[in-house]
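Protein chains in written order, with my numbering: chain A, -1 to 446; chain B, 161 to 564.
No residue lacks a Cβ here, since even glycine has one placed at the ideal position from N, Cα and C.
Notes follow once the structure below has been shown.
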């Protein structure tokens, strides 16, 4: 076992954390998929609007690999297919009714140990869990016949107010995690990233190489961990998935059913009572959150750093484990640039709370708090980048200049979205580095 | 107050938006509004939350750090003049007399530079860059108190336009704009910028005698002039001591010199503030000091015979408190835009500035002060240093990936 102590990074003390054990919610009225979050997938519908669907039956599949399917979390009828610009499918909504479910073959741990590569693949593909796998560096779902350099299962989460292993893993998950490790072990070497200094019955007996991670966000980000454990060499790709998704893969194999149960967090100052809930995959955001604060609020699927803005009537998704409700309304200060601003939290030492550390949590609002300027480098970006050997100002400049070769040399494929979002957070020039990184990666995908 | 301001600007805004009466002057409203109130703009793409830190706070903190140097500089102008006139004056008298000479220069710098800045805002359609607030304050502090106002105007306009705006504004410039302005005046009007006569306003009208006090045979040479230009002196130190330049006096700033550069104590206070608030790089500052101390130690304690060049024997401690070294180290070399960007690069950049400053002062008899030229020279070389540091980082990355 090796311990990685991350020094560079930033934990943003935003208020509105959830606490307590997950609350079991009654079945939601609708469940949904948001196919746009599956990078590298061209969704093709398996069911039309108004058609009946069983739990575990394919809702859509990848146009270029029909065996890569995404399964319905519940039985019912396909209520609505929403499309965005250029007719891209943005939401597939199922109205829940009845409890007809498709069942799959059950395997024992011994079966999984002796399984072939091809059988392991087809189990993941037909069981609707192939999508849980993503590749570094492009965060795409791997091709169905691709070979990984290694596979990282990450049981760490450090994003602002995002639920981690203490909420999402229970003692009873140990067999399922062991099963998933055995199954994924057929495809490649499995590494397991866990929080440092915390043993958990779920992973204590797992037969994978353990890597402990400690430190501020993005220490828990799988991309950063891949960079430190086994960075992809040349054209090869490293796969990663969260430990909670690995547990679901284990349940699929052991219990022979599509595991649609999910624990979601409802967090943020805009949530009346922040909480964890146990419900179905893709449950409505309102169902998860319950009551919200009065006034104008922003609904975010995922975290305030890298999450997606959604409408109040939208749903949770496959990868996200939380809905953050953030009150809109940016407080304005008279001469705020020149006054001490004692109560304000900042990552910069130009605020007292940034210099000495504040403690506590803060009602941070979605404001820019400044005008757009050119980069004035005061060393602010490097402080939040955990991936080693990156010179952020030079990397970002090369992306802006559209110099693909240079930006790859400087680490375009190493930097993670969480790190770029942290750069956006601390930037005094209010530059959207996360969007810039996405543009750089998209450019790379088009060219490569 | 806040509600009134919010309403006031909300009421004005329609006139300045697209299609409004004054849409071409949107930068004026934006500039004034964001000074009065922090922006109320919401994030609409990228990370949903952002830090409170912005460019205005970054730049105003440099002005805060300059305050001790500005105040001691004002006092010193009066103090030098009254001393030369053999008059006893209180600290307040000295301060007022200094303010009388210094404020018009500062106001002229802001007015002329501000106009140049606004013209570019209007023509190029960009927001008012607050970096200008720092440039227009740094520049006058590097000038002698007798500088004619029209030269201030010409210099600052040159600095803003050629030093900054032609490259695209703050963040894109290669040279430090304030130093560009100073270098322009230094080479264009050397008579007003250097020599022994320009550092003292003695003889001008003052509050004590209400008229000019005639003075004779007073030399207002700076410590660097004395150290480098006293023929026949046994050593630079003895020449300095004879002329009244002790280490303490130079550190406190009661000596002739540019308006803001004399008090090393006040500048050090600013340095501590800038380092504590994370705005200036301590690596650059430490590098400058090490570079200067290193090279002057070699000269002073090395094998060279001083001979006719008395500067050779001057101990490093004197170099640190003389001339514009401290001011340049803290406020000019650390300019985040024109200095190196990488952490290691900033240190190397600082060391080279210190070394160059020492070399110009000691080895080149034409210019007793080397700091301005050292910084401008290294501004030009900063990208080259960064290039090799980034190359090293990249090589390390590739090696790490290959070994993994």
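Looking from the CA of residue 245 of chain B, the closest CA among B:363, B:442, B:259, B:294 belongs to B:363.
Closer than 9 Å at the C-beta level to chain B, one finds these residues of the stretch 317 to 335 of chain A: 322, 324, 326, 327, 328, 329, 330, 331, 332, 333, 334, 335. The C-beta distance from residue 92 of chain A to residue 76 of chain A rounds to 6 Å, short enough to fall under 8 Å. Counting only residues of its own chain and dropping the five nearest sequence neighbours on each side, residue 106 of chain A has a CB closer than 8 Å to the CB of 252. In this chain, residue 92 of chain A is not harboured by any alpha helix (DSSP H); it is covered by the beta strand (DSSP E) spanning 87 to 94. By the neighbour-count definition (other C-beta atoms within 10 Å, threshold 16), residue 432 of chain B is an exposed residue. Its Cα nearest to that of residue 29 of chain A, the residue A:286 stands out among A:441, A:348, A:286. Chain-ordered, the chain B residues with CB closer than 8 Å to the CB of residue 349 of chain A read 212, 213. With a cut-off of 8 Å on Cβ pairs, the stretch 264 to 273 of chain A is not in contact with the stretch 243 to 250 of chain A, counting fewer than three such pairs. DSSP, read as helix, strand or coil, puts residue 297 of chain A in strand.
Taken through DSSP and simplified to helix, strand or coil, residue 164 of chain B comes out as helix. As DSSP reads the structure, residue 262 of chain A sits in a beta bridge with A:275.
Three or more beta-carbon pairs drawn from the stretch 287 to 299 of chain B and the stretch 180 to 197 of chain B are found closer than 8 Å, and the two stretches are therefore classed as touching. In chain B, no part has a C-beta under 9 Å from the C-beta of residue 83 of chain A; the shortest such distance is about 15 Å. When C-beta atoms of the stretch 354 to 363 of chain B are compared with those of the stretch 555 to 562 of chain B, fewer than three pairs fall below 8 Å, so the two segments do not count as touching. With respect to chain A, the C-beta atom of residue 320 of chain B has no partner C-beta closer than 8 Å.
Residue 404 of chain B and residue 398 of chain B have their alpha carbons spaced roughly 10 Å apart.
The C-beta of residue 160 of chain A has 16 or more other C-beta atoms within 10 Å across all chains shown, which makes the residue buried. At a Cβ-Cβ threshold of 8 Å, residue 335 of chain B and residue 323 of chain B count as neighbours.
For residue 298 of chain A, the chain B residues whose Cβ falls inside 9 Å of its Cβ are 208, in order along the chain. Interface with chain A (8 Å Cβ-Cβ cutoff): residue 294 of chain B is excluded. Here the stretch 328 to 347 of chain A lies against the stretch 196 to 207 of chain B, with 3 or more beta-carbon pairs under 8 Å apart.
Looking at the backbone, the Cα of residue 496 of chain B and that of residue 329 of chain B are separated by about 14 Å.
Residue 342 of chain A belongs to the set of residues whose beta carbon lies under 8 Å from a beta carbon in chain B. Cβ-Cβ separation between residue 272 of chain B and residue 316 of chain B: approximately 5 Å, consistent with a contact (criterion under 8 Å). Distance from the CA atom of residue 260 of chain B to the CA atom of residue 215 of chain A, rounded to whole angstroms, is 54 Å. Residues are counted here when their Cβ sits less than 7 Å from a Cβ of chain B; for the stretch 216 to 240 of chain A these are 228, 229, 231, given in chain order. Beta-bridge analysis with DSSP links residue 99 of chain A to A:53.
Closer than 8 Å to the CB of residue 36 of chain A there is not a single CB belonging to chain B. Residue nearest to residue 235 of chain A within the set A:340, A:416, A:210, A:141 is A:141 (criterion: CA-CA distance).
Within the DSSP secondary-structure output, residue 145 of chain A pairs in no beta bridge.
For residue 332 of chain B, the number of other beta carbons within 10 angstroms of its own is below 16, and it is reported as exposed. For residue 12 of chain A, DSSP records a beta bridge to A:360. Annotation: the continuous alpha helix (DSSP H) that includes residue 282 of chain B extends over 251 to 284. In the DSSP annotation of this structure, residue 349 of chain A is not part of any beta strand (DSSP E), being labelled neither H nor E. Here DSSP, grouped into helix, strand and coil, assigns residue 72 of chain A to coil.
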